[in-house]
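Notes to accompany the following structure.
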Amino acid sequence: MSDRACLLLHGFTGGAYEVHPLARHLHDGGWDCFTPTLPGHGGDLRKLKNVSRRDWLKAAEEEADKLAGRYGRFDLVGFSMGGLIAAYLANRYPVRRLVFLNAAVYYVSPARLARDVYRQWRKGDTSYYRRKERTPLPAVVQFMRLVRELKPEFDEVTASTLIVQGARDQIVHPYSARYIHKRLKGDKELHFFPESRHIICTDVEAREVFTRVEGFLGRETRGDGRPLSGIGHG
1 MSDRACLLLH GFTGGAYEVH PLARHLHDGG WDCFTPTLPG HGGDLRKLKN VSRRDWLKAA
61 EEEADKLAGR YGRFDLVGFS MGGLIAAYLA NRYPVRRLVF LNAAVYYVSP ARLARDVYRQ
121 WRKGDTSYYR RKERTPLPAV VQFMRLVREL KPEFDEVTAS TLIVQGARDQ IVHPYSARYI
181 HKRLKGDKEL HFFPESRHII CTDVEAREVF TRVEGFLGRE TRGDGRPLSG IGHG
């Protein structure tokens, strides 16, 4: 067992596969990584119909409880919707360092999404968007409520935080990253990846993203989660 642990949370309608590539990279770097699948996710999206946002939060809290009990402090990565849940957890658990990947605060305009769907269709790749179309409406409502309820959590985050945003994200508006950066109270870094879209852990700049995340998580911190003096902010 390593003395370093990282909890990685996936996005809405997705699954642990969205963060598995980063988890494997961090595991190779010495972290024990945990990638839970939130209720209703990871397979048949019809299962989301009878799942609430409270179920997602409860499942994430149960994982955080396990890591806090086993490791004490742990690192936390949240992708898309998982970023909102990560902010919630960071205000309630001993999170050492925090990473947001395309955290879902603001969504793109329908016109921009339509243009991207058309481009993907021309390439023959529409699987991600077909999944979105099959999402039960009650689940979408639960997601929207989760966003509204958890946005204020960013104002309370004090853990050292890395914000990563794909500049070509076709789902989450890049302004989300700037919004988060303005709200955080602790040490923070913001990095845009110019060629990356929403599923950033499998996109063209994934290796660069992984290197940036590992470098950030690998820094030493004081007991309060802030960098030790002399450690750069990148």
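FYI, full-length UniProt numbering numbers position 116 of the sequence shown as 116, with every residue one higher than the one before it.
Ideal placement from N, C-alpha and C gives every residue a C-beta, glycine not left out.
The structure presented is a predicted model; accordingly, all values stated were derived computationally and were not measured.
Neighbourhood of residue i by C-beta, 6 Å cutoff - its chain only, sequence neighbours within 5 removed
| i | result |
| --- | --- |
| residue 163 | 100, 177, 180, 181, 190 |
| residue 81 | 11, 12, 104 |
| residue 158 | 185, 186 |
| residue 139 | 48 |
| residue 16 | 10, 35, 37 |
| residue 8 | 19, 23, 35, 77 |
Terminal residues of the alpha helix (DSSP H) in which residue i lies
| i | result |
| --- | --- |
| residue 78 | That residue, residue 78, is in no alpha helix (DSSP H); its beta strand (DSSP E) goes 74-79. |
| residue 27 | 20-28 |
| residue 104 | Taken as a continuous stretch (DSSP letters only), residue 104 belongs to no alpha helix (DSSP H), as it is neither H nor E. |
| residue 143 | 137-150 |
| residue 57 | 53-71 |
| residue 217 | 206-217 |
| residue 16 | Here residue 16 belongs to no alpha helix (DSSP H), and DSSP marks it neither H nor E. |
| residue 178 | 175-183 |
Distance between residue j and residue i (C-alpha atoms, nearest Å)
| i | j | result |
| --- | --- | --- |
| residue 6 | residue 136 | 31 Å |
| residue 130 | residue 220 | With a pLDDT of only 49 at residue 130, under the threshold of 50, the placement of this residue in the model should not be trusted, and no figure is reported. |
| residue 75 | residue 146 | 22 Å |
| residue 18 | residue 192 | 19 Å |
| residue 111 | residue 30 | Low per-residue confidence applies at residue 111: pLDDT is 49, beneath 50, and the placement is therefore not dependable, though the value from the model is reported in the following sentence. C-alpha separation (whole angstroms): 43 Å. |
| residue 92 | residue 155 | 13 Å |
| residue 42 | residue 60 | 15 Å |
| residue 183 | residue 72 | 26 Å |
| residue 90 | residue 153 | 9 Å |
| residue 87 | residue 161 | 10 Å |
| residue 58 | residue 32 | 22 Å |
| residue 53 | residue 198 | 22 Å |
| residue 202 | residue 170 | 15 Å |
| residue 79 | residue 97 | 15 Å |
| residue 252 | residue 44 | Residue 252 falls outside the range modelled here, since the chain spans only 1 to 234, and no answer is possible. |
| residue 4 | residue 28 | 12 Å |
| residue 200 | residue 14 | 13 Å |
| residue 108 | residue 168 | 10 Å |
Rounded distance between the beta-carbons of residue j and residue i, thought under 8 Å
| i | j | result |
| --- | --- | --- |
| residue 214 | residue 205 | 14 Å between Cβ atoms; not a contact. |
| residue 25 | residue 216 | Residue 25 to residue 216, Cβ: 13 Å. No contact. |
| residue 22 | residue 77 | 7 Å |
| residue 142 | residue 102 | That belief does not hold up - the Cβ atoms of residue 142 and residue 102 are roughly 20 Å apart, past 8 Å. |
| residue 84 | residue 38 | That pair is no contact at about 12 Å. |
Extent of the continuous beta strand (DSSP E) run through residue i
| i | result |
| --- | --- |
| residue 191 | 188-193 |
| residue 163 | 160-166 |
| residue 34 | 32-34 |
| residue 5 | 5-9 |
Neighbourhood of residue i by C-beta, 8 Å cutoff - its chain only, sequence neighbours within 5 removed
| i | result |
| --- | --- |
| residue 106 | 172, 173, 175, 176, 179 |
| residue 2 | 30, 31, 32 |
Proximity test, residue i beta-carbon vs the ligand GDP heavy atom, cut-off 6 Å
| i | result |
| --- | --- |
| residue 108 | The ligand GDP is not among the ligands present in this structure, which contains no ligands whatsoever. |
### Query
Taking one C-beta from the stretch 60-67 and one from the stretch 42-52 each time, how about it: are there three or more such pairs within less than 8 Å?
no
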